[in-house]
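If you read the sequence shown in our numbering, its first letter stands for residue 50, the second for the next number, and so on.
Built from N, CA and C at the ideal position, the CB exists for glycine as well.
Worksheet for the structure shown next.
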Amino acid sequence: SSPTLFRSLLLLFFFFFKQKTAYEIYQCDWSSDVCSSDLITQIGDTYYITYVAISRHMGITTALMTTLDFRSFVRHGIIFPTENKDVVILPSRQDGEFTAYHRPMPCSGVGAPSIVSSQSPDGVHWGRHRLLLGPRPSMWDSVKVGAGPPPIRLPEGWLLIYHGVDANTPASPVGTYRAGAALLDAAAPHRVLARSDDPMLVPELPHEKSGFVPNVIFPTGLVADGADDVLVFSGAADEVTKIGRASCRERV
Numbered sequence: 050s051s052p053t054l055f056r057s058l059l060l061l062f063f064f065f066f067k068q069k070t071a072y073e074i075y076q077c078d079w080s081s082d083v084c085s086s087d088l089i090t091q092i093g094d095t096y097y098i099t100y101v102a103i104s105r106h107m108g109i110t111t112a113l114m115t116t117l118d119f120r121s122f123v124r125h126g127i128i129f130p131t132e133n134k135d136v137v138i139l140p141s142r143q144d145g146e147f148t149a150y151h152r153p154m155p156c157s158g159v160g161a162p163s164i165v166s167s168q169s170p171d172g173v174h175w176g177r178h179r180l181l182l183g184p185r186p187s188m189w190d191s192v193k194v195g196a197g198p199p200p201i202r203l204p205e206g207w208l209l210i211y212h213g214v215d216a217n218t219p220a221s222p223v224g225t226y227r228a229g230a231a232l233l234d235a236a237a238p239h240r241v242l243a244r245s246d247d248p249m250l251v252p253e254l255p256h257e258k259s260g261f262v263p264n265v266i267f268p269t270g271l272v273a274d275g276a277d278d279v280l281v282f283s284g285a286a287d288e289v290t291k292i293g294r295a296s297c298r299e300r301v
């Protein structure tokens, strides 16, 4: 339809013309042409910014930059090669090491898109990859899962908000995106202590169910609000940003 075509052309214009100042053009054969989906973690005085870098030669990758003041930046290049995204860094070092959660996209058909935990001595070189959590058959997160915003610390452990996707339908061509929660061990953040059976946030309102990509709640920010509640910032239908309140202890 004409409105759908207009939105498609507008999105293409936005990404390939208006966002030219956000492009990262490297001077080598794995150059990245488009940057998106920034996720920021503060550790000490340093802000670690992971972002999706779409490369003509390496596909969808995740790169890292750091800053102390958001005026000058140090670019560290690609830290997780193709195809990998939804990368968040834990806002605390464990035994001097960084922990990240990322979501590889297997193209072989073996395995499902799952959240993987990894460790690094410097935030650039990553290893000790371990499965954190994956899709659950016949549930709201049955097709794929991916990390949302950086976790926050609770007395019981680390609270990780993630998105889960079920099978696509004519009304939801990419599946329905919902937000759920997992509680991670404070001393060993690659271990899951609890996981919500039901989603915290579900597309229900008109601006969540209808838009550029319908039936999408995509969590990207998390702030503690009192002893029991959290504020979850999320994208809705790939068109607007919203804030939702949830009780973390009831869900995990």
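DSSP beta-bridge partners of residue i
{"i": "P278", "result": "Correcting the residue identity first, residue 278 is Asp in this sequence and not Pro. The partner list for D278 (beta bridge, DSSP) reads D274 and S296."}
{"i": "M114", "result": "I98 and R124"}
{"i": "T90", "result": "Y97"}
{"i": "V137", "result": "Y150"}
{"i": "G213", "result": "V194 and R227"}
{"i": "P219", "result": "According to DSSP, P219 bridges with nothing at all."}
{"i": "S166", "result": "Y150 and R179"}
{"i": "V241", "result": "L233"}
{"i": "V289", "result": "A285"}
{"i": "W207", "result": "R202 and L233"}
{"i": "L250", "result": "A228"}
{"i": "P155", "result": "Looking at the DSSP assignment, P155 forms no beta bridge with any residue, so it has no partner."}
{"i": "F267", "result": "G284"}
{"i": "F129", "result": "T111"}
Contacting residues, own chain, Cβ-Cβ under 7 Å from residue i (five flanking each side not counted)
{"i": "K291", "result": "S283 and A285"}
{"i": "K193", "result": "A161, P162, P184 and V214"}
{"i": "D4", "result": "A query on residue 4 cannot be resolved here, the shown segment of the chain reaching from 50 to 301 and no further."}
{"i": "R177", "result": "S167 and Q168"}
{"i": "V289", "result": "H256"}
{"i": "D287", "result": "G260, F261, V262 and V265"}
{"i": "N217", "result": "V223 and G224"}
{"i": "W311", "result": "Because the chain here runs from 50 to 301, residue 311 falls outside it and cannot be looked at."}
{"i": "E146", "result": "Q168, S169 and P170"}
{"i": "S187", "result": "none"}
Expected contact under 8 Å - CB spacing of residue i and residue j to nearest Å
{"i": "I127", "j": "T116", "result": "That belief does not hold up - the Cβ atoms of I127 and T116 are roughly 18 Å apart, past 8 Å."}
{"i": "T148", "j": "F129", "result": "T148 to F129, Cβ: 14 Å. No contact."}
{"i": "L181", "j": "V165", "result": "6 Å"}
{"i": "A228", "j": "L209", "result": "11 Å between Cβ atoms; not a contact."}
{"i": "H239", "j": "R179", "result": "5 Å"}
Cut-off 8 Å between Cβ atoms - residues of its own chain near residue i, not counting five sequence neighbours on either side
{"i": "R294", "result": "D274, D278, V279, L280 and V281"}
{"i": "P199", "result": "L88, I89, T90, V137, I138, L139, P140 and L271"}
{"i": "T70", "result": "Because the pLDDT of T70 is 38, which lies under 50, any placement of that residue in the model is unreliable, and the question is left without a value."}
{"i": "V123", "result": "M114, T115 and T116"}
{"i": "D94", "result": "L117"}
{"i": "K258", "result": "P252, N264 and A286"}
{"i": "F119", "result": "Y96"}
Neighbourhood of residue i by C-beta, 6 Å cutoff - its chain only, sequence neighbours within 5 removed
{"i": "F65", "result": "Summary for F65: the model assigns pLDDT 46, below 50, so the residue's position carries little reliability; its value from the coordinates is reported in the next sentence. Answer for F65: no residue qualifies."}
{"i": "Y226", "result": "H212, V214, V265, I266 and F267"}
{"i": "C77", "result": "Note that C77 scores 39 on pLDDT, short of 50, meaning its location in the model is unreliable and no value can be drawn from it."}
{"i": "M154", "result": "E132 and P162"}
{"i": "V251", "result": "R227"}
{"i": "Y96", "result": "I89 and T116"}
{"i": "V125", "result": "According to the sequence displayed, residue 125 carries His and not Val. Answer for H125: L113 and V173, listed in chain order."}
{"i": "S296", "result": "D277 and D278"}
Would you check if there are 3 or more beta carbon pairs closer than 8 Å linking the region 190-210 to the region 235-250? yes
For the 8 Å Cβ check, are there 3 or more pairs between the region 214-224 and the region 240-249? no
Report yes or no: do three or more beta-carbon pairs, one from the region 173-181 and one from the region 252-268, lie closer than 8 Å? no
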